[in-house]
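Following: one structure in structure tokens, then a few remarks.
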Amino acid sequence: MIDILGLDIINFLAAAILLISLLVMASVRMGQLVRSFALQSIILAAIAVVLANHTGSEHIYVVAVLTLVIKGIAIPRFMMYTIDRLKMRREIEPLIGIPASLLISAMLIIVAYYITEPLISSGEAVTRNCLAIAFSVVFIGMFMMISRRKAMTQMVGLLMMENGLVLAIISTTYGMPLIIELGVFFDVFLAVLIMGIFIFRINRTFETLDTTFMTRLRD
Amino acid sequence: MIELLLLVPLVTALLCGLSRNERHIYIFSVAGAIIMALVAIPFCYEAFFEGPIDTWLWYMDSLSALFVVIIVVIVAMVSVYSVDYQRHERTEGELTIKDLRYYHSLLHIFTLTMLLVVIVDSLGLMWIAIEATTLASAFLVGFYKKSEAMEAAWKYLIICSVGITLALLGIILIYASSVGVLGEGMDSLDWSVLSSVADQLDPALVKVAFIFIIIGLGTKAGLAPMHTWLPDAHSQAPTPISGLLSAVLLNCAMYGILRIHLLAEAAVPGFSSSLLVLFGLLSLIVAAIFILTARDLKRMLAFSSVEHMGIIALGFGIGGPLAILGALFHILAHSLTKTLMFFGAGNVIQKYGTREMKDIKGLWKAMPTTAIMIVLGGAAIAGSPPFALFVGEFLILSGAIASGSYLLAGVFIALITLIFAGMTYRIFSMSSGTPQEGLPSGEIGKLRLVPMFLLAAAVLILGLFFPDVISDALGSIVDLFEEMIG
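In structure tokens form, the structure reads like this:
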């Protein structure tokens, strides 16, 4: 269904996505973090274009455009605006140090390959690496949310998980029905807006965006 | 014309958002909720007794109808209760008219998203609606804008979003598992299509999909160990909203799990049931520990929701007509009882100005009517006869014994007995004794007692009789389960 050249390009781009999620993990500054995330979304859009071109599923072009516009441009801009506006401290301040985080991420990648092993043996060539990489990105995003203490980094972690999902959607199924893809993007966009509003409010009530201060509610 | 059911909350939300007058907001909100309940009756009747309604994007069978009934009934109760609750807060000067507008329009938007969850055909759209319920209710959880409420709302938003993201991964895998049978197309995520080919889905994919679904939607349904957002959100939200979260929102997520469970059980028999049993038991254990050590009234009720969601998951996991009937009845009974309890807790907390149970004494003397409701509701929520939850638990237990899982039945009895002891001890120590000095006796507001009275009556009647309408309606859902799994 997909020729060798297309397959190579897709694999190359997927590998780039995985590397960038490690780069996001290794970021020490907010700006770097947001820019890496934006780059990841742009590469994801590129994969979507290649897939759409080679499989002839035209609605994947819509996914590409939405990913580029919403996750590649609009959301990173909004985040940079928030960072400037709230005069956030630029450092990330991880709860788990960067070398340890990278090591754990590497383990997560192995886990992702292990889980997807039985699924991809039967699948088509394109799904083989992409599905495993998609799972890796989802897991790394989740780990990012646990190991970084700022509200903003938790948001980036969530968005990275969503990027992994989009990769899983377009690579395994060549796109879900269009209405569902649109709905997913709408939800993501709304979620980011609402989290943004909460970030402003948290900043006002706690005078910090460090979520480790959030320990009042416990049993 | 099932769209009508969705139109009512939408219009209500708009009207509430646009009115400038406190009285009008209350009138619109209550009238909208009651009209919605009336509109729902013919649809539910048709879905229960005449077969599924399947038009355009919508699909409503008897399982959806049960959840629609719960949503419209509880929302009507909550909207009535909110009136007195907020009048009291207005006199304390905590709320502005803007807050009221915001609260009531979000309440109805939230209702709209929950209705969407249970009546859309496509599993993808169901996912979108479940995520929308989180987004709509996050502001309601953070309604008071205090630091604790902010913390609860942020945790709720983040934890549930992560959960729901994992659930989407599960739905993608379900889609992938169906491509082999159905090919790619608009309708291969539609329940009406998927359910007819459920036994031909790719088993390896379905297994992994269900793991993601139960972890993802289980987060939202409050199954342990993913329940951590739940006590925070329930304790910090305005009390009527806590009732709504507990009685309806958790059920909507459970509905999603059930749909995929039915598919998974047809494709790979036994796999998803055993996971449901596992998470059900875990929830019961966690709930037992935290109910016994709870200090905050609303947190205790929140953990009781974890308990009952666990019991429901256990019931569906055990399977067989008895346990499934029990679990379905338990869903209904839990919604009614838990709403009653949260309303009672709302009265108490507004009266005493604290949520700490050790500071609440002498309910019998301070507010006798609420005290009766809380004692009745407390006995019911702890699972004692003759109330509705006892019937649910009894049916599930009989189902477990009928299917030969004696060990499971034993553990189940031990855990619910422990929880029973913890709950009743707390409730009775709050109602007895003498209230603190200077606390004026009497209820706050009369109108709020009406929904409480109705709920208490329903809980008692459902426990004493098993009306034909209900047994027929639930029977038609059991048939659906038997048809898919059987």
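Same order as they appear, the protein sequences are chains R and Y. By the count of my numbering, the first sequence reaches residue 245 at its end, each step adding exactly one. By the count of my numbering, the second sequence reaches residue 503 at its end, each step adding exactly one. In this text, a Cβ means the ideal position worked out from N, Cα and C, and glycines have one as well.
- Task: Return the first residue and the last residue of the alpha helix (DSSP H) that residue 56 of chain R is part of.
- Result: 56-81
- Message: Does chain Y have any CB closer than 9 angstroms to the CB of residue 198 of chain R?
- Response: yes
- Sorted by chain position, which residues of the same chain lie with C-beta nearer than 6 angstroms to residue 223 of chain Y's C-beta, five sequence neighbours on each side aside? 194, 281, 284 and 285
- Using a Cβ-Cβ distance under 9 angstroms, would residue 54 of chain Y count as near chain R? no
- Item | CB-CB length for residue 158 of chain Y against residue 48 of chain Y, believed under 8 angstroms | Not quite, the Cβ-Cβ distance comes to about 26 angstroms (not below 8 angstroms), so this is no contact.
- Query: Within this structure, are the beta carbons of residue 265 of chain Y and residue 398 of chain Y separated by less than 9 angstroms?
  - Reply: no
- First and last residue of the beta strand (DSSP E) that includes residue 77 of chain Y? 75-77
- Message: Less than 9 angstroms between CB atoms is the rule here; does residue 209 of chain R satisfy it with respect to chain Y?
- Response: yes
- Item | Under 9 angstroms between C-beta atoms of residue 357 of chain Y and residue 238 of chain Y | no
- Task: Name, please, each residue of chain B whose Cβ falls closer than 7 angstroms to the Cβ of residue 36 of chain R.
- Result: No chain B appears in this structure, whose protein chains are R and Y.
- Enumerate in chain order the residues of its own chain whose CB-to-CB distance from residue 289 of chain Y is below 6 angstroms, with the five nearest sequence positions on each side excluded. 227, 278, 281 and 282
- Item | Backbone CA spacing between residue 126 of chain Y and residue 167 of chain Y [nearest angstrom] | 21 angstroms
- For chain Y, find out if any of its Cβ atoms is closer than 9 angstroms to the Cβ of residue 231 of chain R; answer yes or no. yes
- Determine the extent of the beta strand (DSSP E) in which residue 72 of chain Y is found, giving its start and end residues. 70-72
- Message: Output needed for residue 53 of chain Y: all residues of its chain with C-beta closer than 8 angstroms, excluding positions within five of it in sequence on either side, in chain order.
- Response: 22, 25, 26, 29, 89, 92, 93 and 128
- Any C-beta of chain Y under 9 angstroms from that of residue 180 of chain R: yes
- Query: Counting only runs that start and end within the segment 146-226 of chain Y, where is the alpha helix (DSSP H) found for 4 or more residues in a row?
  - Reply: 164-199 and 208-211
- Tell me the start and end of each unbroken alpha helix (DSSP H) in the segment 73-128 of chain R that is at least 4 residues and wholly inside, in chain order. 85-92 and 101-111
- Sequence-distant residues of its chain with Cβ nearer than 6 angstroms to residue 325 of chain Y (five each side left out): 351
- Query: Pick from Y:440, Y:393 and Y:433: whose alpha carbon is nearest that of residue 317 of chain Y?
  - Reply: Y:440
- Item | Coarse secondary structure for residue 316 of chain Y, derived from DSSP in three states | helix
- Message: With a threshold of 7 angstroms on Cβ separation, who are the neighbours of residue 127 of chain R within its own chain once the five nearest residues in sequence on each side are excluded?
- Response: 51, 120 and 173
- Task: Mind checking the segment 155-172 of chain Y against chain R and listing, in chain order, the residues whose C-beta falls within less than 8 angstroms of any C-beta there?
- Result: 155, 156, 159, 162, 163, 164, 165, 167, 168, 169, 170, 171 and 172
- Using beta-carbon positions only, say whether residue 362 of chain Y and residue 256 of chain Y come within less than 9 angstroms of one another. yes
- Task: Using a Cβ cut-off of 7 angstroms, pull out every chain R residue sitting near residue 249 of chain Y, in sequence order please.
- Result: 243
- Length at least 4, wholly inside the segment 334-412 of chain Y: the alpha helix (DSSP H) runs in chain order: 337-369, 380-383 and 385-398
- Message: Which residue marks the beginning of the alpha helix (DSSP H) containing residue 115 of chain Y, and which one marks its end?
- Response: 114-136
- Message: Given this structure, state the Cα-to-Cα distance separating residue 39 of chain Y from residue 87 of chain Y, to the nearest angstrom.
- Response: 28 angstroms
- Applying the criterion that 16 or more other CB atoms from any shown protein chain within 10 Å of the CB defines a buried residue, is residue 496 of chain Y buried or exposed? exposed
- By DSSP, does residue 176 of chain R sit in helix, in strand, or in coil? strand
- Message: For a test of the three-state rule: what should DSSP assign to residue 249 of chain Y, helix, strand or coil?
- Response: helix
- Item | Within 9 angstroms, strictly: CB atoms of residue 108 of chain R and residue 183 of chain R | no
- Query: So, is residue 163 of chain R buried or exposed, given that buried needs 16 or more other C-beta atoms within 10 angstroms?
  - Reply: buried
- Message: For residue 374 of chain Y, which residues in the same chain have their Cβ closer than 8 angstroms to its Cβ, ignoring the five residues on either side in sequence?
- Response: 311, 312, 313, 314, 317, 443, 446 and 447
- Query: Residues in the segment 164-189 of chain R with C-beta within 9 angstroms of chain Y's C-beta atoms, listed in sequence order?
  - Reply: 164, 167, 168, 171, 177, 180, 181, 183, 184, 187 and 188
- Message: Using CA atoms only, rank isn't needed, just tell me which of Y:337, Y:136 and Y:37 is closest to residue 207 of chain Y.
- Response: Y:136
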